[in-house]
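Asker: So the protein sequences, as listed, match chains A and B. Under the UniProt record's numbering, the first residue of the first sequence carries the number 1, and numbering increases by one thereafter. Under the UniProt record's numbering, the first residue of the second sequence carries the number 1, and numbering increases by one thereafter. All residues carry an ideal CB built from backbone N, CA and C; glycine is no exception.
2 protein chains.
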Amino acid sequence: MSERGLLIVLSGPSGVGKGTVRKAIFDSEDHDFQYSISMTTRQMREGEVEGVDYYFRTREEFEAMIEAGEMLEYAEYVGNYYGTPLTYVNQTLDEGKDVFLEIEVQGAQQVKDKVPDGVFIFLTPPDLVELKCRIVGRGTDEESVIEERMRVAREEIEMMALYDYAVVNDEVPLAVKRIKRIIASEHFRVDRVIGKYIKMLKEM
Amino acid sequence: MSERGLLIVLSGPSGVGKGTVRKAIFDSEDHDFQYSISMTTRQMREGEVEGVDYYFRTREEFEAMIEAGEMLEYAEYVGNYYGTPLTYVNQTLDEGKDVFLEIEVQGAQQVKDKVPDGVFIFLTPPDLVELKCRIVGRGTDEESVIEERMRVAREEIEMMALYDYAVVNDEVPLAVKRIKRIIASEHFRVDRVIGKYIKMLKEM
């Protein structure tokens, strides 16, 4: 029985190490997901390959795709667009393969709106776990500094609330192991498998 | 930071092998759950030990506990009560340990009503996956036989809908591995961890 693949979204605050964890997952031997290549309007850099590192497009081409509803998510960053084309993701999911996106939090929010049954994993900075030490510091900081840290922590926790899972990135191999287990387990969720049983019964 | 433990409920249709899978989980080395011992009014059998195999109680004692709301779930089977006392489960969860229940489907329904944030795992017969072959058989069966098989399959699928996960018991070691992964992953669910972050922020 073929099922639709899972859309897996890895995101988290900037600087948390999303790219490193994603690379480690795809470098590991027993992974079984397709990586969705992003599209961008920024200049190709030395050594980069079209369709491997990014799909490189002009600003006009990118905006035409947004207009036509062909982007699953996108954001503008330092004057350039970055985003995920919808077609590849949908085709791959229809083939029953899991698609893995590693994107910024704004993009993850857009994907959540369009694909609520995706698996949303928030990578947490290790120091969020030691929140108190991090915010209060050595007790010698100005109140304004402490308040700013509180604000950032509050923002991170608010972001987290949109996700299904929160994985601490304390050690990359551990984070990789946790994420792989989460994805394996998600395949056994009743709301993902019960439809095929009901369909089989109806067809008889 | 201490968290409350998870209440894990393994159930499924009778004859699916719940007991075998549960034993294999508790015989495995790296499991980390507490097994909740059931209470019963049936006679103690040769070799059974009070507080190990069951808590053995009289019918009056058992009914007094039901009356006092001290049973998490119970059922009557062949003239005897079987059930799960609430106190041990709550104490163990409060200590931050996961509690594992292996119970019948009627009991699982009662637990779901009382502890909706438990992890409910439905063990699926391997032949539910080959539902069509199983129901239609070799194409030589009476219509009434086929209809009865359809009814049973429909019942099993209806039961499954109440659970979070459906794990096929095709091979016991595989089922054990899947269940352990599910439990590990459930610890990373945002709705289980976000509360402690919010609490920490509030306390500062």
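1) Where DSSP assigns a beta bridge to B/I121, which residues make up the other side?
2) A/M150 touches chain B at which residues, Cβ-Cβ below 9 Å?
3) Could you tell me whether the Cβ atoms of A/A166 and B/V190 are closer together than 9 Å?
4) Determine the burial state of B/V9: buried for a count of at least 16 other Cβ atoms within 10 Å of its Cβ, exposed for fewer.
5) Would A/Y197 and B/I157 qualify as a contact pair, given that the criterion is a beta-carbon distance under 9 Å?
6) Below 9 Å between beta carbons: does that hold for B/M39 and B/P85?
7) Alpha carbon to alpha carbon, what distance is there between B/E142 and B/R181?
8) Along the segment 164-191 of chain A, what residues have a CB closer than 7 Å to any CB found in chain B?
9) Three or more beta-carbon pairs under 8 Å between the segment 75-95 of chain A and the segment 40-56 of chain A, yes or no?
10) I'd like the span of the beta strand (DSSP E) that includes B/Y54, first residue to last.
11) Any beta carbon from chain A within less than 9 Å of B/F122's own beta carbon?
12) Between the alpha carbons of B/V172 and B/M159, how many angstroms are there, rounded?
13) If you draw a straight line from the C-alpha of B/E155 to the C-alpha of A/Q91, how long is it?
14) Flag this pair as yes or no: are the beta carbons of B/V99 and B/G195 separated by less than 9 Å?
15) Confirm, please, whether the CB-CB distance from B/L123 to B/S11 is below 9 Å.
16) Per DSSP, A/M39 forms a beta bridge with which residues?
17) In this structure, does DSSP put B/E29 in helix, strand or coil?
18) Taking 6 Å as the limit between beta carbons, can you name the residues of its chain near A/H187, skipping five residues before and five after?
19) Need the endpoints of the beta strand (DSSP E) that B/E102 sits in, please.
20) In the DSSP assignment, what are the bridge partners of B/Y74?
21) With a threshold of 16 other CB atoms inside 10 Å of the CB of A/L72, please say whether the residue is buried or exposed.
22) Looking at the strands, I want to know which residues DSSP matches up with A/Q109.
23) So, are the CB atoms of B/F56 and B/E63 less than 9 Å apart?
24) Exposed or buried, what is B/S36 when buried is set at 16 or more other beta-carbons lying within 10 Å of its beta-carbon?
25) Would you mind sorting A/I183 into buried or exposed? The rule is 16 or more other CB atoms within 10 Å of its CB.
26) Taking A/R154 as the query, report the chain B residues whose CB atoms sit under 8 Å from its CB, ordered along the chain.
27) Output the boundary residues of the alpha helix (DSSP H) element that contains B/G195.
28) Would you mind reading off the limits of the alpha helix (DSSP H) that contains A/R45?
29) Pop quiz: B/V89 and B/L7 are said to be a contact at Cβ under 8 Å. What is the actual Cβ separation, rounded to whole angstroms?
30) Does A/A108 come within less than 9 Å of chain B when only Cβ atoms are used?
Answerer: On the basis of the supplied data:
1) If you number the second sequence from 1, residue 121 of chain B lands on position 121. B/I121 is bridged by DSSP to B/L10, B/Y165.
2) Looking up residue 150 of chain A in the first sequence gives position 150. What A/M150 touches in chain B: L201, M204.
3) Here residue 166 of chain A corresponds to residue number 166 of the first sequence, with the count starting at 1. Here residue 190 of chain B corresponds to residue number 190 of the second sequence, with the count starting at 1. A contact, by the Cβ cut-off of 9 Å.
4) Translated into positions along the second sequence, residue 9 of chain B becomes position 9. With 16 or more Cβ atoms within 10 Å of its Cβ, B/V9 is classed as buried.
5) Sequence index remark: in the first sequence, residue 197 of chain A carries index 197 (1-based). Sequence index remark: in the second sequence, residue 157 of chain B carries index 157 (1-based). Against a cut-off of 9 Å, the Cβ pair of B/I157 and A/Y197 comes out as a contact.
6) For the purposes of this step, residue 39 of chain B is identified with residue 39 of the second sequence, where counting begins at 1. For the purposes of this step, residue 85 of chain B is identified with residue 85 of the second sequence, where counting begins at 1. The criterion of a C-beta distance shorter than 9 Å is satisfied by B/M39 and B/P85.
7) The residue given as residue 181 of chain B occupies position 181 in the second sequence. The residue given as residue 142 of chain B occupies position 142 in the second sequence. The straight-line gap separating the alpha-carbon atoms of B/R181 and B/E142 is approximately 42 Å.
8) Residues passing the 7 Å Cβ filter: D164, Y165, A166, V167, R178, R181, I182, A184, S185, F188, R189, V190.
9) Under the 8 Å Cβ criterion, the segment 75-95 of chain A counts as touching the segment 40-56 of chain A, having at least three qualifying pairs.
10) Locating residue 54 of chain B in the second sequence gives position 54, counting from the first residue. According to the DSSP assignment, B/Y54 belongs to no beta strand (DSSP E), since it is labelled neither H nor E.
11) Locating residue 122 of chain B in the second sequence gives position 122, counting from the first residue. Answer yes: the Cβ-Cβ gap between B/F122 and chain A drops below 9 Å somewhere.
12) Position 172 of the second sequence holds residue 172 of chain B. Position 159 of the second sequence holds residue 159 of chain B. Rounded to the nearest angstrom, the two C-alpha atoms are 21 Å apart.
13) The sequence position of residue 155 of chain B within the second sequence is 155, counting from 1. The sequence position of residue 91 of chain A within the first sequence is 91, counting from 1. Each residue's alpha carbon lies about 34 Å from the other.
14) Locating residue 99 of chain B in the second sequence gives position 99, where the first residue counts as 1. Locating residue 195 of chain B in the second sequence gives position 195, where the first residue counts as 1. Taking C-beta atoms as the reference points, B/V99 and B/G195 fail to come closer than 9 Å.
15) Translated into positions along the second sequence, residue 11 of chain B becomes position 11. Translated into positions along the second sequence, residue 123 of chain B becomes position 123. In contact: B/S11 and B/L123 (Cβ atoms closer than 9 Å).
16) Reading the first sequence from its first residue, position 39 is the one you call residue 39 of chain A. In the DSSP assignment, A/M39 forms a beta bridge with A/Y55, A/G83.
17) Looking up residue 29 of chain B in the second sequence gives position 29. Of the three classes helix, strand and coil, the one that applies to B/E29 here is coil, per DSSP.
18) As a first step, residue 187 of chain A must be located in the first sequence, where it is residue number 187. Take A/H187, set aside five residues on each side of it, and no residue of its chain has a beta-carbon closer than 6 Å to its own.
19) For this step, residue 102 of chain B is matched to residue 102 along the second sequence. Unbroken beta strand (DSSP E) run through B/E102: 98-102.
20) Translated into positions along the second sequence, residue 74 of chain B becomes position 74. Residue pairing by DSSP puts B/Y74 in a beta bridge opposite B/G83.
21) Numbered from its first residue, the first sequence carries residue 72 of chain A at position 72. When all chains shown are included, A/L72 counts as buried.
22) The count along the first sequence starts at 1 and reaches residue 109 of chain A at position 109. A/Q109 is not bridged to any residue.
23) For the purposes of this step, residue 56 of chain B is identified with residue 56 of the second sequence, where counting begins at 1. For the purposes of this step, residue 63 of chain B is identified with residue 63 of the second sequence, where counting begins at 1. For B/F56 and B/E63, no; Cβs fall outside 9 Å.
24) The residue you call residue 36 of chain B lines up with position 36 of the second sequence. Burial is judged here by how many other beta carbons sit within 10 angstroms of a residue's own beta carbon; B/S36 has at least 16 and is buried.
25) By 1-based counting over the first sequence, the position of residue 183 of chain A is 183. Label assigned to A/I183: buried.
26) Position 154 of the first sequence holds residue 154 of chain A. Those within 8 Å of A/R154 in chain B are L201.
27) What you label residue 195 of chain B is simply residue 195 of the second sequence in a count that begins at 1. It spans 190-203 - the alpha helix (DSSP H) in which B/G195 sits, taken as one unbroken run.
28) Taking the first sequence and counting its residues from 1, the one referred to as residue 45 of chain A is at position 45. Bounds of any alpha helix (DSSP H) do not take in A/R45, whose DSSP letter is neither H nor E.
29) In the second sequence, counting from the first residue as 1, residue 89 of chain B sits at position 89. In the second sequence, counting from the first residue as 1, residue 7 of chain B sits at position 7. Confirmed, Cβ separation roughly 7 Å.
30) As a working note, residue 108 of chain A is residue 108 in the first sequence. By this cut-off, A/A108 is not an interface position.
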